[in-house]
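Residue numbers for the sequence shown follow the working numbering, beginning at 2 and rising by one. Backbone N, C-alpha and C fix where the C-beta goes; we use that ideal spot for every residue, glycine too. As the structure is a prediction and not an experimental result, all values here were calculated from the model. In what follows, a structure is listed as structure tokens, so that the remarks can point back to it.
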Amino acid sequence: MSLGIYLFFEGNCREAFEFYRSVLGGEYVVLQTFGDGPPDMNVSEEEKDRVMHVSLAFGSAVLMGSDSASAFGPPPVQGTNFALSIEGESREHCDEVLAKLSDGGTVTMPMQETFWGAYFGSWTDRFGVSWMINYELPQKQE
2 MSLGIYLFFE
12 GNCREAFEFY
22 RSVLGGEYVV
32 LQTFGDGPPD
42 MNVSEEEKDR
52 VMHVSLAFGS
62 AVLMGSDSAS
72 AFGPPPVQGT
82 NFALSIEGES
92 REHCDEVLAK
102 LSDGGTVTMP
112 MQETFWGAYF
122 GSWTDRFGVS
132 WMINYELPQK
142 QE
């Protein structure tokens with residue numbers, strides 16, 4: 002299991018990550034915009050160039066982030082615009098971690114398969130800390 006930091010931005014995620022990469026080095030593992038997502042995400046044309054997900058690997062660390070989109074709620078609040086991100090070991094592990102850490106808190110996205118090929122969920126714990134857990138699903142053989 003690994004733990005990382007996920008940062009949320011209001012339209013300047015790409016600029017922030019270019020800055021972080023210029024200082025920390027490393028390479029983008031993933032850089033997707035909302036326009037790369039499925040049409041049923043209902044993202045406005047003005048927001049399709051915003052970053053949906055970016056992962057910057059440097060040294061032994063990975064920093065992740067995204068912009069907000071109005072279809073998914075209010076913009077982030079600077080100073081609380083982050084979540085702790087767990088890379089899960091299995092579906093069962095993810096279910097257990099979410100159930101235990103969300104006890105007394107609020108589940109914001111129940112565990113579910115996603116269009117990016119993962120089993121994912123998010124929550125805010127009873128102390129107000131935002132969390133997410135992601136398990137990359139094995140590729141289906143054709």
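query	result
Residue nearest to V98 in terms of C-alpha spacing, selected from G122, I6, F116	G122
Bounding residues of the beta strand (DSSP E) (the contiguous stretch that carries F10)	3 to 10
Exposure label - F18; buried when at least 16 CB within 10 Å	buried
Residues that DSSP places opposite A119 in a beta bridge	E137
Same chain, Cβ closer than 7 Å to T115, neighbours up to 5 away in sequence not counted	F121
Sequence-distant residues of its chain with Cβ nearer than 8 Å to L85 (five each side left out)	L4, G5, I6, Y7, V130, S131, W132, M133
Touch test, the stretch 64 to 73 against the stretch 89 to 103, Cβ-Cβ under 8 Å, three pairs minimum	no
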